[in-house]
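Engineer: Handing you this structure, nothing more for now.
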Amino acid sequence: METTSIALLVQKLKNAPQSVLERVIGYVDALVEPTTNSKPYILSKKQQQILDNQLNSDKTNYTDAETLYTDLKSKYEL
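Read the sequence shown against numbering that gives the first Met the number 0 and you will find it ends at 77, with the numbers running on by one and no gaps.
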């Protein structure tokens with residue numbers, strides 16, 4: 000980062016309240032931490048294969064969510 004950018008940041012934060020400084024520090028920490036691409040779940044090989052196969056499937060075979068919702072409301076008189 001250039002010295003002028005750091006100086007500008009220091010100037011802007013010079014009179015900032017502690018809560019703002021803590022938020023800025025948290026933001027900077029999040030930026031410099033290595034990103035992990037871990038999922039909070041585990042799929043079986045079969046489940047992963049099903050998902051992978053859907054990536055290149057024909058989208059015309061699917062029903063629009065709004066259309067499905069409208070049809071269900073009409074069918075069950077909701």
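A virtual CB, placed ideally from N, CA and C, is assigned to each residue, including glycine.
#1: Helix, strand or coil, according to DSSP, for Ala-64 in the structure here?
#2: Quick one: grab the DSSP three-state call for Asn-52.
#3: Within the continuous alpha helix (DSSP H) that includes Tyr-40, where are the two ends?
#4: Tell me the rounded alpha-carbon separation between Ile-41 and Asn-52.
Structural biologist: Quick answer:
#1: Along the sequence shown, read from residue 1 onward, the residue named residue 64 stands at position 65. Note: Ala-64 maps to helix in three-state DSSP.
#2: As a working mapping, residue 52 is identified with position 53 in the sequence shown. Three-state DSSP puts Asn-52 in a helix.
#3: Translated into positions along the sequence shown, residue 40 becomes position 41. From DSSP, Tyr-40 is part of no alpha helix (DSSP H); its letter is neither H nor E.
#4: Position 42 of the sequence shown, counting from 1, holds the residue named residue 41. Position 53 of the sequence shown, counting from 1, holds the residue named residue 52. Distance between the alpha carbons of Ile-41 and Asn-52 is about 18 Å.
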